[in-house]
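Right, one structure below, let's go through it.
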Ligand SMILES: [Zn+2]
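Here it is, written out as structure tokens:
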């Protein structure tokens, strides 16, 4: 099984996670820029964070044979902090970078005027830079927040096929399916969407324009949830080709619209649909990043 996790915050995860993900078939990830749990106090903190998403983190992923791309944005939660308005002015220079495959995650948290302003400006930046957009939906008032998100996306003039609306559930999947946008589902250990409900939704709505992610971060989450969904799909009677559509072909098609998705470092035998476990042994990239490596001392 080859897996592309289209939404995971690897900066918050350990090298053990990279090892386990790669052994489970995760060959590629997209890491959206987001909140760090601890509020930031100045745009300069964002610049350092964005630099890490484009430098150190892809280097670290490559040590475990995982291809790393990112999305860049001012996240919905911190859009409410007036000290961080300047982040919007930093974005154009980051959106021009090669490994940035979308604007995101943008969207609503508490649906405030400041969030409205940040969302509208960032949708305009996506149009300007010819990039797809990853849109977060709020955890409270999810149905109303998702409806409003779809309306704002429509007003932006972005074609729906360049928009991924994420963190959906049974209540919101229908309206996003009707909008023509891509549908993202974050599968968590104990909240929001779980593996069995995910498989039921795939049975009811089909596989078209559906992406499944772990959204793993610094909270209770599990970077192997993508693999768990693949296994549960097979157990429920979906074919290996179906699993490949959801866990590989769909994210590649969505982020491929950026023209920047570079999967060329993945060995050719792993980019075909049926990958054996033996063939997925990781190939570490080696070398260093600005004089730093993931090694701690020399091997015994
Ligand atoms: Zn996220």
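In this note's numbering, the protein residues as written are 3 to 302.
Using N, Cα and C, we set each Cβ at its ideal position, and we do this for glycine too.
Quantities reported herein were computed from a predicted structural model and do not represent experimental measurements.
{"Item": "Contact test: residue 217 Cβ vs ligand 1 heavy atom, cutoff 6 Å", "Value": "yes"}
{"Item": "Stretch pair the segment 23-39 + the segment 61-80: three plus CB contacts closer than 8 Å", "Value": "yes"}
{"Item": "Three or more C-beta pairs below 8 Å linking the segment 234-248 and the segment 219-226", "Value": "no"}
{"Item": "Rounded straight-line distance, which links the Cα of residue 172 to that of residue 156", "Value": "22 Å"}
{"Item": "Limits of the alpha helix (DSSP H) - the one that residue 175 falls within", "Value": "175-181"}
{"Item": "Three-way DSSP call (helix, strand, coil) for residue 16 in this model", "Value": "coil"}
{"Item": "Inter-residue CB distance, residue 54 and residue 13 (contact presumed, cutoff 8 Å)", "Value": "6 Å"}
{"Item": "Integer Cβ distance of residue 231 from residue 214, believed to fall under 8 Å", "Value": "5 Å"}
{"Item": "DSSP bridge partner residues for residue 291 (one or two, in chain order)", "Value": "294"}
{"Item": "Proximity test, residue 36 beta-carbon vs ligand 1 heavy atom, cut-off 6 Å", "Value": "yes"}
{"Item": "Sequence-distant residues of the same chain with beta carbon closer than 8 Å to residue 234, five excluded per side", "Value": "197, 198, 200, 201"}
{"Item": "Presumed contact (8 Å Cβ cut-off) between residue 296 and residue 62, rounded CB distance", "Value": "6 Å"}
{"Item": "6 Å Cβ shell around residue 88 - same chain, five flanking residues per side excluded", "Value": "45"}
{"Item": "Residue(s) in a DSSP beta bridge with residue 71", "Value": "32"}
{"Item": "Coarse secondary structure for residue 138, derived from DSSP in three states", "Value": "strand"}
{"Item": "Beta-carbon gap between residue 138 and residue 112 smaller than 7 Å", "Value": "no"}
{"Item": "Residue 58 (DSSP reduced to helix, strand or coil)", "Value": "helix"}
{"Item": "Beta-carbon proximity of residue 6 to residue 184, cut-off 7 Å", "Value": "no"}
{"Item": "7 Å Cβ shell around residue 129 - same chain, five flanking residues per side excluded", "Value": "158, 159, 160"}
{"Item": "Neighbourhood of residue 154 by C-beta, 8 Å cutoff - its chain only, sequence neighbours within 5 removed", "Value": "118, 121, 122, 125"}
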